[in-house]
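Peer 1:
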Amino acid sequence: MASPAGLRVGIDVGGTNTDAVILDAQDALLGKAKVPTSPDVTTGIVGALGQVLGAVPDARDRITHVMVGSTHATNAVLQQRGLDGVAVLRIATPVRSAIPPLVTWPDSLRRQVQVASAIVQGGFEFDRSEALPLDEDAIRRFAARLAGQAPAFAVACMFAPVSERHELRAEEIIREEAGPDASISLSHELGSLGLLERENATVLNASLRKLAVSITSAIRDAVSAQGIAAETLFAQNDGTLMTAEFAEQFPVLTIGSGPANSIRGAAYLTGLERALVADIGGTSTDVGALVNGFPRQSTDGADIGGVSTNFRTPDLVSIALGGGTVIAGDPAAPKIGPESVGFRLREEALVFSGSTATMTDAAVASSRAVLGDPSRLPAASAALFAAALRRSDEMLADVIDRVKLSQAPQPLIAVGGGSILAANQIPGVSEVIRPDHFDVANAIGAAIAAASGEYEGVVYLGSRSRKQVLEEAEARAAERAIAAGADADSVEIIDVEEIPIGYLTDTALRVRVRAVGPLRPSDGQQR
Amino acid sequence: MTLTEISTSDVEALARGCAVLGAGGGGDTHTFRIMAELAIQQTGPVPLVSLDELPDDGLILPLAMVGAPMVFAEKILSGLEGIRLRAEVEDAMGGHVVAVLAPEIGGGNGVLPVAWAAHLGLPYADADGMGRAFPTIPMTAMHLAGVPACPVVIMDGRDSIVRFDTCDTFWAERLARSATTMMGALTSSALYPMSVATARTATVIGTVTKAIRVGRTLATRSESAVAEAVDELAACVLSVGKIIDIERRIEGGWVRGWLTVEGLGEFRGRLLHVEIQNENLVALEDGEVRASVPDIITVLDTENGGVISTERLRYGQRVTVIAFAADPIWRTDQGLAVGGPRAMGYDFDYVPVEDLNG
């Protein structure tokens, strides 16, 4: 995949650190920086950016893109802060519903987000036919009542993934009543089948938009303040990028971008397209899979702050095992975690003159890692350390096996500060690869990401051939990739899933297509 | 433990137990569970009654969702469908409905009628039409007892109603399925309306209580939960191990496939093969049958006791495969003709699970 000319900056905001890297046009790493993540997130980004620019002289004028993997949206939902009120409109038949909008949300979050909700008649069947005509008057009344009162609107229509017509008409009516600048999120733009989950995602998206605009402009300001005239892009949950405009429209898609970037970064650092990836940190280990250069996605939707959605985030299995994990018990029955000294590793671990036995100490004791001062390890604990390491090897082998989809051995890419724990021989793993610069894999993943688009819907074949239907779906996915910033001439379809619908006829298909393309060449002076 | 009502706190256990009785099929229970919990919050607990407590000539109203589970994810019911269905059944049969019954306890259809019963202000009968999940309308205890499915009443989200009588229950299946497809692939249905006196001998008794009891043992989400559920069901453990191979495809609207479990611990060195057609139908080891339909084969998550439905099986899952006896009605010649291995296309005779694993 060709890269745009010039330099690119990748920034990843993690729970502990904010990392920044600079890559050249050939994806070679020129410099990296790591600063503590700030409570407001943006300050940390500015700091990391300043530090990495200091590390690469003369970079400033050659930077064409700044790619940011941010946790603003995730934090806003988890901490229930900075969310806008939303007027929720569901279009469905029957109008009376056993499960009205947002009733399954945690109470405090619902109280903060829901300004009003209504269900109006309309929606579609799986075969694209109208279930019942859209009740336009009811939508008009709803919008008129909430004009000026609801900061944002969310619209979710029954079977919108097969026909967006009623959602588009609802949008028009809301604009007529609430003004042309009303913020309106439509469910067909956000996802797949499952009305309640899609509606939830749409409402979260609506509630995040104002925050997203303030964040994208703060980050763009920070970039300009460093004298960089580059386009700013944002990482999304499938390991690809979107433009700032797109991120302002669909902020909910940034949720889950961190693990996706880490897996993409691992692909970059090793050149592998297909492998397992273990990100071993201080407190926990996340294991995921790299398939065709992208993270494998979960089959179930993600739960975000107690709200079930239909987002497919990277398919990860996590365990409480990391470099700072505390060891207790005795050699016959070592107890490993789940407690961890976390970011205090360099004060608390025995090899760093601390007083807590950690997995890092066990790795040093067995010479798996060369760190700190091994003479601080008490000889009497040797058996416990050996037993703890054996147990952690089993835990790691087990979690790796869960992520695999077949028995064939696969390479494992070990990244993260705790990857010293990983043994060189792991059952079911053909080879353990420990790339250089693994400590900034996430930021690299952001910097190398391409832009993508996804289309998912139910298609009813009718008189059309399967080929026609698939081509149409592919065209829609490609359109979305281009809207997200991909170069129109280089968009490729990377994944097509067709699932015939059970208990029905063989003529309805559920189709999911993903298109990916390198970023549009930038003139470097767009912003 | 005698249960006399279903409150919101019982719904989770019921849903879990219905999944266990579903033999991997019967559709997802999650959305129905939310519906039932919300309905009970509005109306108060639903009385759970034995058929013996009800008047002989009262009408039993069996209610179920018919259609594609995928469509249910888009179409949210009102929860009030039972009101119209009751009126139609009372009109067709004469008399008064005294309780709601699940034609199929296995999977989502064991949970959804609780929501309908709540809004109808009717009790839920502690019985059902299958004691498990099966894919078609004739596969019921009522059919084996000679009770016709008709009059059948089918209703969609537009309040369109189809009510029909057919010459036999096989034709009722054909009409119900095509009407359901025409009406948007998901309908609420009343079928096998019957008197309490008839229901006492034409249903599988005590299955709601059984589901809740099993569901409660699994609710602790621990490894001991699986052992307790095995005791509660008098089940045989066919394997404790890991899924090392799995194949599924859709053929003519049904999910077909198989999985292989490699034993761990005391099952090390043994392979269990399970055949799937919507439900888990046959378990084999070294080519020998270890359990087969109509007995119930269920795959549990070894660590947390969760039930893994056929759509959610995946390579690498740590599972406990259990099998337990179907209701005796399915073990008769007549029952086996409808729901035995030969009826499902296998070329072997049925042997009860306890004899195979004695």
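Chains as they are written, first to last, in our numbering: chain Y, 1 to 527; chain U, 1 to 358.
Glycine residues also receive a C-beta, built at the ideal position from the N, C-alpha and C atoms.
(1) CA-CA distance, Y:R8 and U:S9?
(2) What runs of the beta strand (DSSP E), each 3 residues or longer, lie entirely inside the region 60 to 87 of chain U?
(3) Kindly indicate if chain Y contains any beta-carbon less than 7 Å away from that of U:S78.
(4) Would you please verify whether the beta carbon of Y:S3 is less than 7 Å from any beta carbon of chain U?
(5) Under 6 Å Cβ to Cβ from U:L259, same chain only, skipping five residues before and after it: list those, please.
(6) Assign Y:V440 to buried or exposed, taking buried as 16 or more other Cβ atoms, counted over all protein chains shown, within 10 Å of its Cβ.
(7) Output the boundary residues of the beta strand (DSSP E) element that contains U:S188.
(8) Out of curiosity, what's the CA-to-CA distance linking Y:R165 and Y:L396?
(9) At what residues does the beta strand (DSSP E) containing U:R342 begin and finish?
(10) Any C-beta of chain U within less than 7 Å: which residues of the region 159 to 189 of chain Y qualify?
(11) Name, please, each residue of chain U whose Cβ falls closer than 9 Å to the Cβ of Y:G14.
(12) For Y:P133, go through chain U and note every residue whose CB falls closer than 8 Å to its CB, in chain order.
(13) Just mark Y:G191 as buried or exposed, buried being the case when its beta carbon has 16 or more other beta carbons within 10 Å.
(14) For U:G129 and U:L284, what's the separation of their Cα atoms in angstroms?
(15) Where do the ends of the beta strand (DSSP E) carrying Y:C157 lie?
(16) Can you have a look at Y:S207 and say buried or exposed, based on whether 16 or more other CB atoms are within 10 angstroms of its CB?
(17) At which residue ranges does the region 119 to 155 of chain Y contain complete alpha helix (DSSP H) runs of 4 or more residues, listed in the order of the chain?
(18) Pick out whichever of Y:R198, Y:A447, Y:G457 has its Cα sitting closest to the Cα of Y:I22.
(19) Would you check if the distance between the CB atom of Y:H72 and the CB atom of Y:V95 is smaller than 7 Å?
(20) Against chain U, does Y:K404 count as a neighbour if the rule is that its beta carbon must be under 7 Å from one of theirs?
(21) Examine chain Y for any beta-carbon lying closer than 7 Å to the beta-carbon of U:Y315, and answer yes or no.
(22) Check whether the Cβ atoms of Y:A388 and Y:A362 sit closer than 7 Å, and answer yes or no.
(23) Which two residues bound the contiguous alpha helix (DSSP H) that contains Y:S465?
(24) Taking the C-alpha atoms as reference points, what is the distance between U:I40 and U:L80?
(25) Relative to chain U, which residues along the region 75 to 103 of chain Y have a C-beta separation below 9 Å, given in chain order?
(26) Tell me the residue span of the alpha helix (DSSP H) that contains U:L175.
(27) Name the chain Y residues that come within less than 8 Å of U:E90, Cβ to Cβ?
(28) Return the chain-ordered list of same chain residues with a C-beta closer than 6 Å to the C-beta of U:R342, the five sequence neighbours on each side being excluded.
(29) If contact is defined by three or more beta carbon pairs under 8 Å, each pair taking one atom from either stretch, is the region 346 to 358 of chain Y in contact with the region 308 to 326 of chain Y?
(30) Could you give the uninterrupted runs of the alpha helix (DSSP H) lying entirely in the region 58 to 130 of chain Y, keeping only those of 4 residues or more?
(31) Just verifying my parser: in three-state terms, what is the DSSP assignment at U:Y315?
(32) Is it the case that the Cβ atoms of Y:V432 and Y:L412 are separated by a distance below 7 Å?
(33) Are the C-beta of Y:E456 and some C-beta of chain U separated by less than 7 Å?
(34) With a 10 Å radius around its C-beta and 16 neighbouring C-beta atoms as the bar for buried, classify U:A19 as buried or exposed.
(35) Taking a contact to mean a Cβ-Cβ separation below 7 Å, would you say U:A73 touches Y:G194 in this structure?
Peer 2: Walking through what the data contain:
(1) Going by C-alpha positions, Y:R8 is about 55 Å away from U:S9.
(2) Runs of the beta strand (DSSP E) inside the region 60 to 87 of chain U: none found.
(3) Judged by the 7 Å Cβ criterion, U:S78 is in contact with chain Y.
(4) Note that Y:S3 has pLDDT 40, beneath the 50 cutoff, so the model's placement of it is unreliable and the number below is only indicative. Cβ-Cβ to chain U under 7 Å: no for Y:S3.
(5) For U:L259, the CB contacts under 6 Å within the same chain, skipping 5 residues up- and downstream, are I243, I246, V274, L313 in chain order.
(6) Burial call: buried.
(7) Per DSSP, U:S188 is one residue of the beta strand (DSSP E) stretching across 186 to 190.
(8) Distance from the CA atom of Y:R165 to the CA atom of Y:L396, rounded to whole angstroms, is 49 Å.
(9) Premise fails: U:R342 is in no beta strand (DSSP E) and is neither H nor E.
(10) Answer in chain order: F159.
(11) Here the premise fails: no neighbours, minimum Cβ distance about 28 Å.
(12) When 8 Å is used as the limit between beta carbons, Y:P133 is near no residue of chain U, the shortest such separation being about 11 Å.
(13) Burial call: buried.
(14) Spanning the two alpha carbons is a distance of roughly 28 Å.
(15) Membership of Y:C157 in the beta strand (DSSP E) is indicated by the continuous run 152 to 157.
(16) Buried, since its Cβ has 16 or more Cβ neighbours within 10 Å.
(17) Segments of the alpha helix (DSSP H) lying fully in the region 119 to 155 of chain Y: 136 to 146.
(18) The residue with the shortest Cα to Cα distance from Y:I22 is Y:A447.
(19) No. Outside cutoff.
(20) Yes - at least one Cβ of chain U is within 7 Å of the one on Y:K404.
(21) Answer yes: the Cβ-Cβ gap between U:Y315 and chain Y drops below 7 Å somewhere.
(22) With a cutoff of 7 Å on beta-carbon distance, Y:A388 and Y:A362 are scored as near each other.
(23) Run containing Y:S465: none; DSSP gives neither H nor E here.
(24) Going by the C-alpha atoms only, they are around 13 Å apart.
(25) Taking 9 Å as the upper bound on Cβ-Cβ separation, chain U lies near residues R90, A92, T93, P94, V95, R96, S97, A98, I99, P100, V103 of the region 75 to 103 of chain Y.
(26) Following the DSSP letters along the chain, one finds U:L175 inside the alpha helix (DSSP H) bounded by residues 169 to 182.
(27) None at all; the shortest Cβ gap to chain Y is about 22 Å.
(28) Residues of the same chain with a CB within less than 6 Å of the CB of U:R342, apart from the 5 flanking positions on each side, do not exist.
(29) Output reads yes: the region 346 to 358 of chain Y touches the region 308 to 326 of chain Y.
(30) Qualifying alpha helix (DSSP H) stretches, in chain order: 72 to 79, 107 to 113.
(31) If DSSP states are grouped into helix, strand and coil, U:Y315 belongs with coil.
(32) Yes, the pair counts as a contact, with Cβ atoms nearer than the cut-off.
(33) Contact with chain U is absent for Y:E456, since none of that chain's Cβ atoms lies less than 7 Å from the residue's Cβ.
(34) By the 10 Å Cβ count, U:A19 comes out buried.
(35) Between U:A73 and Y:G194, the CB-CB gap stays under 7 Å.
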